[in-house]
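Asks: Its first residue numbered 3, the first sequence is counted upward by one per residue in my numbering.
C-beta: ideal position from N, C-alpha, C; glycine also.
Note that the coordinates shown come from a computational prediction; the quantities given were computed from them, not determined experimentally.
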Amino acid sequence: MNNYEKLANLIFPDITETIEDLEKRYPARDLPEGAKVTRFAPSPTGFLHTGSLFASMISRKMAKDSNGVFYTRLEDTDQKREVAGSGDSLIDQLNKFGVTPDEGYLGTDKEKGNYGPYVQSLRANIYKVVIKYMLANNMAYPCFCSPEELSEMRKVQEAKKENFGYYAEYAKCSKLSAEEAIERIEKGENFVIRFRSQGDYHNKVAIDDAIRGHIEMAENDQHLVIYKSDGLPTYHFAHLVDDHFMRTTHVTRGEEWMPSLPMHIELFNSMNWQAPTYAHLPVIMKLDNGNRRKLSKRKDLEAAVSFFLEQGYPIEGFMEYLYTIANSNYEAWRIENPDLDKDEFKFSFDKMSLDGALFDLAKVQFLCKEKLGRMNTETFFNESRQWASVYSPELFELIEENPGFYKQIVSIEREKENPRKDYEKYSDILPLIKFFYNNYYNELVKELIVPENYTQENINEVLTKYVESFDLSLSEEDWFNHMKEVAVECGYATNRKDYKKNPEAYKGQVSDVAAILRLVVTLRLQSPNLYFVMQILGKEEVTRRIKNFIK
RNA sequence: GGUCCGUUGGAGAAGUGGCUUAACUCACAUGCCUUUCACGCAUGCAUUCACGAGUUCGAAUCUCGUACGGAUCACCA
Numbered sequence: 003m004n005n006y007e008k009l010a011n012l013i014f015p016d017i018t019e020t021i022e023d024l025e026k027r028y029p030a031r032d033l034p035e036g037a038k039v040t041r042f043a044p045s046p047t048g049f050l051h052t053g054s055l056f057a058s059m060i061s062r063k064m065a066k067d068s069n070g071v072f073y074t075r076l077e078d079t080d081q082k083r084e085v086a087g088s089g090d091s092l093i094d095q096l097n098k099f100g101v102t103p104d105e106g107y108l109g110t111d112k113e114k115g116n117y118g119p120y121v122q123s124l125r126a127n128i129y130k131v132v133i134k135y136m137l138a139n140n141m142a143y144p145c146f147c148s149p150e151e152l153s154e155m156r157k158v159q160e161a162k163k164e165n166f167g168y169y170a171e172y173a174k175c176s177k178l179s180a181e182e183a184i185e186r187i188e189k190g191e192n193f194v195i196r197f198r199s200q201g202d203y204h205n206k207v208a209i210d211d212a213i214r215g216h217i218e219m220a221e222n223d224q225h226l227v228i229y230k231s232d233g234l235p236t237y238h239f240a241h242l243v244d245d246h247f248m249r250t251t252h253v254t255r256g257e258e259w260m261p262s263l264p265m266h267i268e269l270f271n272s273m274n275w276q277a278p279t280y281a282h283l284p285v286i287m288k289l290d291n292g293n294r295r296k297l298s299k300r301k302d303l304e305a306a307v308s309f310f311l312e313q314g315y316p317i318e319g320f321m322e323y324l325y326t327i328a329n330s331n332y333e334a335w336r337i338e339n340p341d342l343d344k345d346e347f348k349f350s351f352d353k354m355s356l357d358g359a360l361f362d363l364a365k366v367q368f369l370c371k372e373k374l375g376r377m378n379t380e381t382f383f384n385e386s387r388q389w390a391s392v393y394s395p396e397l398f399e400l401i402e403e404n405p406g407f408y409k410q411i412v413s414i415e416r417e418k419e420n421p422r423k424d425y426e427k428y429s430d431i432l433p434l435i436k437f438f439y440n441n442y443y444n445e446l447v448k449e450l451i452v453p454e455n456y457t458q459e460n461i462n463e464v465l466t467k468y469v470e471s472f473d474l475s476l477s478e479e480d481w482f483n484h485m486k487e488v489a490v491e492c493g494y495a496t497n498r499k500d501y502k503k504n505p506e507a508y509k510g511q512v513s514d515v516a517a518i519l520r521l522v523v524t525l526r527l528q529s530p531n532l533y534f535v536m537q538i539l540g541k542e543e544v545t546r547r548i549k550n551f552i553k
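Okay, here's the thing in structure tokens:
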């Protein structure tokens, strides 16, 4: 046994498995030609970020389009930042947006698939097998430098204007012999394990990124920490081991990872493992004081996916938006195929833009309005009820107390070619329909301010004539003709042209009559088609509301 | 400071040397339609592709430089 092997045994006496064992345990996947294996690997440090949803959606789609596998993995190697319960909520929210994994971590103590465990803290032994191998082959070494020494070193580098980090001459512990290392460990000194980089900063590595194409970067020369003093691996090392043994073919991740690419490439090369194809996704941005910056969970509401859930943006509409920024040819496809499911669209890496899109709430709103407008009544009823049951007790109560009535309200001008688009999100519903309910009406009416151009005299005249003769059993056309008759009797023009031609001859036009009625019945200047509103309220209630205004 | 990435209208973008007097979608504006709003329809909105130089008969498209913006340089992922 040589000294490196001794060192490896000293640090990991209990690890007896070998790399070969692992290779056998996690064999190559049996998948069709060209199938992509992708993953989403979040850390349980908070709620799902809009950028993460974007990335995971793309990963899932790439796998699906190629009959591959999309799996989830929990990267919980940083215990300090871990937020209890966030792993579960991450998965839960992913599912809500339809980004369902085929395999992997599915929540606390739940997982599916043959390549697990899918929680990194449970894979400690797997990492140790690889690290032990690296130690035994002098590809890695223990480092005893203290945080103080390291920051001291950085100051020196700053002063000398040299690159920061642990490399070349600065990699002090890389010069230690195995015997020295063994001695210090036996003395009980703390240590981490670093990768012994063979790279030279002056050389270039060529890398092909699925989105960005050919890139040249300086070789890695950093002796990065792969094993922390708490016994867990760092991200870089876990990426190497997990994506190898889970047989990931395509790593899709945010572009903030690009600078560490040479590091990852060197890691894979050192093990003689084939590196996955990398696709570095653009990051979703936001305009802040004229500057673009990453969407920030702390500053921007729209950075947390929960915001859209709470507000009640329809998921299909929101995902539609994400698709439009993911692939530039998606919108054109959608126009040509308005009725196909978005999943029928095939993603491609080369239709992804290179710089991050500014998050455009206005466009999200447009797409959501479109979706909600085109939903049939049944679906709209169910979805809005479902949303209300979680996020709006007030709306939920209204629905439950009379589902049929609610359904009638939301069915106005729906299921037709050009439906109304009143709502962009479910939270818009309640304020817009309150007037239908007498309890709300009776309160709201107290605060009503009648526009000055309608005098009480005008109002009395119109309402008195209208209320004594209106008939809701008429067709919409006849109902409207009746309104015109009332208009004429009261001295209003029946159409816009007549009125415009000779404004002095009239008190106003039919639209003024309609406005008075609308105001009285709905307490608003804008509402859905009055005829339908009155139908739903019924003659008795409409009469009551009108009479109440005659003074 | 080093390294990498990016730059076409307010936003997303098409465009890969001549078909571009720069598609399409959102936003915005105006008009038409209309019982209001919304819908729908029509029109307008980059004399120009960050800037400068070069290659070419010809450049948003190729080359070089500059500027600007972003990412990153942890025992965080």
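Over what stretch of residues does the alpha helix (DSSP H) that includes Asn293 continue unbroken?
Replies: As a first step, residue 293 must be located in the first sequence, where it is residue number 291. Note, Asn293: premise wrong, no alpha helix (DSSP H); beta strand (DSSP E) at 293-296.
Asks: Quick check on Glu218: does DSSP put it in helix, strand or coil?
Replies: As a working note, residue 218 is residue 216 in the first sequence. The answer is strand: DSSP assigns Glu218 an E or B state.
Asks: Considering Cα atoms alone, identify which of Ile401, Ala507, Asp514, Glu417 is closest to Val464.
Replies: Position 462 of the first sequence, counting from 1, holds the residue named residue 464. The shortest Cα separation from Val464 among Ile401, Ala507, Asp514, Glu417 belongs to Asp514.
Asks: Ordered along the chain, which non-local residues of its own chain (more than five positions away) have a Cβ less than 8 Å from that of Ser91?
Replies: Taking the first sequence and counting its residues from 1, the one referred to as residue 91 is at position 89. The answer, listed in chain order, is Phe49, Leu50.
Asks: Kindly indicate which three-state DSSP category Lys502 falls into: helix, strand or coil?
Replies: Position 500 of the first sequence, counted from the first residue, corresponds to residue 502. Helix at Lys502.
Asks: Looking at the structure shown, is Tyr494 part of a helix, part of a strand, or coil, going by DSSP?
Replies: To locate residue 494, count along the first sequence from 1; it is residue 492. Tyr494: strand per DSSP, three-state reduction.
Asks: Report yes or no: do the segment 368-375 and the segment 311-323 share at least 3 C-beta pairs separated by less than 8 Å?
Replies: Yes: the two stretches touch, three or more of their Cβ pairs being nearer than 8 Å.
Asks: Fully enclosed by the segment 417-455, which beta strand (DSSP E) runs are 3 residues long or longer?
Replies: You should have found no qualifying run.
Asks: Report the CB separation of Thr457 from Ile552 in whole angstroms; it is logged as a contact under 8 Å.
Replies: As a working mapping, residue 457 is identified with position 455 in the first sequence. As a working mapping, residue 552 is identified with position 550 in the first sequence. Contact doesn't hold; Cβ gap of about 13 Å is too wide.
Asks: Going residue by residue through the segment 58-139, where are the continuous alpha helix (DSSP H) segments of at least 4 residues, counting only ones entirely within it?
Replies: Qualifying alpha helix (DSSP H) stretches, in chain order: 88-98, 126-138.
Asks: Pick out whichever of Gln388, Thr47, Gly36 has its Cα sitting closest to the Cα of Gln81.
Replies: Here the question's residue 81 lines up with position 79 in the first sequence. The option with the nearest alpha carbon to Gln81 is Thr47.
Asks: Residue range of the alpha helix (DSSP H) that His252 falls in?
Replies: Counting from 1 along the first sequence, the entry for residue 252 is found at position 250. Run containing His252: none in the alpha helix (DSSP H); it sits in the beta strand (DSSP E), 252-256.
Asks: Buried or exposed for Val158, please, with buried defined as at least 16 other CB atoms from any protein chain shown within 10 angstroms of its CB.
Replies: If you number the first sequence from 1, residue 158 lands on position 156. Under this definition Val158 is an exposed residue.
Asks: Kindly confirm or deny that the segment 183-195 and the segment 141-154 touch, where touching means at least three C-beta pairs closer than 8 Å.
Replies: With the cut-off at 8 Å, the segment 183-195 and the segment 141-154 touch.
Asks: Going by C-alpha to C-alpha distance, which of Glu304, Ser298, Ala208 sits closest to Ile267?
Replies: On the first sequence, residue 267 is found 265 positions in, with the first residue counted as 1. It is Ala208 whose Cα lies nearest to the Cα of Ile267.
Asks: How about Met248 and Tyr117: do their beta carbons lie closer than 8 Å?
Replies: As a position in the first sequence, residue 248 is number 246, starting the count at 1. As a position in the first sequence, residue 117 is number 115, starting the count at 1. For Met248 and Tyr117, yes; Cβs fall inside 8 Å.
Asks: Between the segment 410-420 and the segment 523-534, do at least 3 Cβ pairs fall closer than 8 Å?
Replies: The segment 410-420 vs the segment 523-534: in contact.
Asks: Could you have a look at Thr326 and say whether DSSP puts it in helix, strand or coil?
Replies: Translated into the one-based positions of the first sequence, residue 326 becomes position 324. Helix.
Asks: Beta strand (DSSP E) containing Arg41: first to last residue?
Replies: As a working mapping, residue 41 is identified with position 39 in the first sequence. Its beta strand (DSSP E) spans residues 39-42.
Asks: Just to check my reading of the structure: Ser330 and Lys348 have Cβ atoms closer than 8 Å, yes? What is that Cβ distance to the nearest angstrom?
Replies: In the first sequence, residue 330 corresponds to position 328, counting from 1. In the first sequence, residue 348 corresponds to position 346, counting from 1. Wrong, their Cβ atoms sit about 14 Å apart, outside the cutoff.
Asks: Alpha carbon to alpha carbon, how far is Asn497 from Ala507? Give it in angstroms, no decimals.
Replies: Along the first sequence, read from residue 1 onward, the residue named residue 507 stands at position 505. Along the first sequence, read from residue 1 onward, the residue named residue 497 stands at position 495. Cα to Cα, the separation comes out at about 13 Å.
Asks: Should Leu96 and Gly70 be called a contact, given that it needs their Cβ atoms to be closer than 8 Å?
Replies: For this step, residue 96 is matched to residue 94 along the first sequence. For this step, residue 70 is matched to residue 68 along the first sequence. The answer is no: Cβ separation not under 8 Å.
Asks: Under 6 Å Cβ to Cβ from Thr251, same chain only, skipping five residues before and after it: list those, please.
Replies: Residue mapping note: residue 251 aligns to position 249 of the first sequence, counting from 1. Only Lys38, Val39, Pro278 meet the Cβ criterion.
Asks: Note the first and the last residue of the continuous beta strand (DSSP E) segment covering Lys283.
Replies: As a position in the first sequence, residue 283 is number 281, starting the count at 1. Here residue 283 is Leu; the residue named in the question, Lys, does not match the sequence. Segment 279-283, the beta strand (DSSP E) holding Leu283.
Asks: Going by the DSSP bridge assignment, what does Cys145 pair with across the sheet?
Replies: Here residue 145 corresponds to residue number 143 of the first sequence, with the count starting at 1. Bridge partners of Cys145: Val194.
Asks: Quick one: residues in its chain with C-beta nearer than 8 Å to the C-beta of Ile184, no 5 flanking neighbours on either side, listed in chain order?
Replies: Start at 1 with the first residue of the first sequence, and residue 184 comes out as number 182. Taken in chain order, the residues that qualify are Asn5, Lys8, Leu9, Leu12.
Asks: Who are His51's beta bridge partners in DSSP?
Replies: Position 49 of the first sequence holds residue 51. DSSP lists Ala306 as partners of His51.
Asks: Ends of the beta strand (DSSP E) at Ala208?
Replies: The sequence position of residue 208 within the first sequence is 206, counting from 1. Its beta strand (DSSP E) spans residues 206-211.
Asks: Under a three-way DSSP split, which group does Lys299 fall into?
Replies: On the first sequence, residue 299 is found 297 positions in, with the first residue counted as 1. Coil at Lys299, not helix or strand.
Asks: Would Ala86 be called buried (16 or more neighbouring beta carbons within 10 Å of its own) or exposed?
Replies: As a first step, residue 86 is located in the first sequence; it is residue number 84 there, counting from the start. Exposed is the call here.
Asks: Name the DSSP beta bridge partners of Asp290, please?
Replies: Counted from its first residue, the first sequence places residue 290 at position 288. Per DSSP, Asn293.
Asks: Please list, in chain order, all residues of the same chain as Asn378 whose beta carbon is under 8 Å from its beta carbon, the five residues on each side excluded.
Replies: If you number the first sequence from 1, residue 378 lands on position 376. Only Arg416, Glu417 meet the Cβ criterion.
Asks: Would you call the segment 254-268 and the segment 130-144 in contact, with 3 or more CB pairs under 8 Å?
Replies: Touching, no.
Asks: Which whole-angstrom value describes the C-beta separation of Ser386 and Tyr428, a residue pair presumed to lie in contact below a C-beta threshold of 8 Å?
Replies: Residue mapping note: residue 386 aligns to position 384 of the first sequence, counting from 1. Residue mapping note: residue 428 aligns to position 426 of the first sequence, counting from 1. Contact flag correct, Cβ pair sits at about 5 Å.
Asks: If we ignore side chains and look at the alpha-carbon of each, how far apart do Asp63 and Asn444 end up?
Replies: Along the first sequence, one-based indexing puts residue 63 at 61. Along the first sequence, one-based indexing puts residue 444 at 442. The sequence shown places Lys at residue 63, rather than the Asp named in the question. Rounded to the nearest angstrom, the two C-alpha atoms are 51 Å apart.
Asks: Cα separation between Glu218 and Val121?
Replies: The residue given as residue 218 occupies position 216 in the first sequence. The residue given as residue 121 occupies position 119 in the first sequence. Cα-Cα distance, rounded: 33 Å.
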